[in-house]
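S.K.: For the sequence shown, the positions run 0 to 92 when numbering that gives the first Met the number 0 is used.
Yeah, the Cβ is synthetic: ideal placement off N, Cα and C, and Gly gets one too.
Every value quoted in this text rests on a predicted model; they were computed, and no experiment measured them.
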Amino acid sequence: MGVLMFLMPVQTMFGRLFSKFRSKTATLTDSRIRTMNEVVSGIRIIKMYAWEKPFASLVADIRSKEISKVMNSSYLRGLNMASFFCASKIILF
């Protein structure tokens, strides 16, 4: 019973953190998609002035931040699932 009382707030905390990570990821994804739309719409100008590398690095920076948040979210989800599946084994022990 004590294990359940310990794990319920932990599960709640994981849920709140996951929600925060997801909202940050969504913001970064929107930013990346908006940047890519601008690049695609202005591809002729970008090619004409040879701005491919600056725009590629801009998109890569946004994408690396997005992947960082996705990785943090994945680690948190893994911990959440591990605690969920281990809880029944611990309770039975």
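For residue 29, tell me which candidate among 62, 12 and 3 has the shortest Cα-Cα distance.
M.R.: Residue 62 is the option with its Cα nearest to residue 29.
S.K.: Contact defined as beta carbons within less than 8 Å: I believe residue 13 pairs with residue 68. What is the distance between those atoms, to the nearest angstrom?
M.R.: Their Cβ separation, rounded to whole angstroms, is 16 Å, which puts residue 13 and residue 68 out of contact at 8 Å.
S.K.: Quick check on residue 97: buried or exposed, where buried means 16 or more other Cβ atoms within 10 Å of its Cβ?
M.R.: No answer is possible for residue 97: it lies beyond the span of the chain, which begins at 0 and ends at 92.
S.K.: Among 27, 4, 6 and 15, which has the Cα closest to the Cα of residue 59?
M.R.: Of the candidates 27, 4, 6 and 15, the one whose C-alpha sits nearest the C-alpha of residue 59 is 27.
S.K.: Please say whether residue 9 and residue 89 have beta carbons closer to each other than 7 Å?
M.R.: Contact: no.
S.K.: Tell me which same chain residues have a C-beta within less than 7 Å of the C-beta of residue 65, skipping the five on either side of it?
M.R.: Correct list, in chain order: 24, 27, 28 and 31.
S.K.: Using DSSP with H/G/I as helix, E/B as strand and the rest coil, what is residue 86?
M.R.: Note: residue 86 maps to helix in three-state DSSP.
S.K.: Compare the Cα-Cα distances from residue 57 to each of 35, 83, 22 and 4 and report the closest residue.
M.R.: Measuring from the Cα of residue 57, the nearest candidate turns out to be 35.
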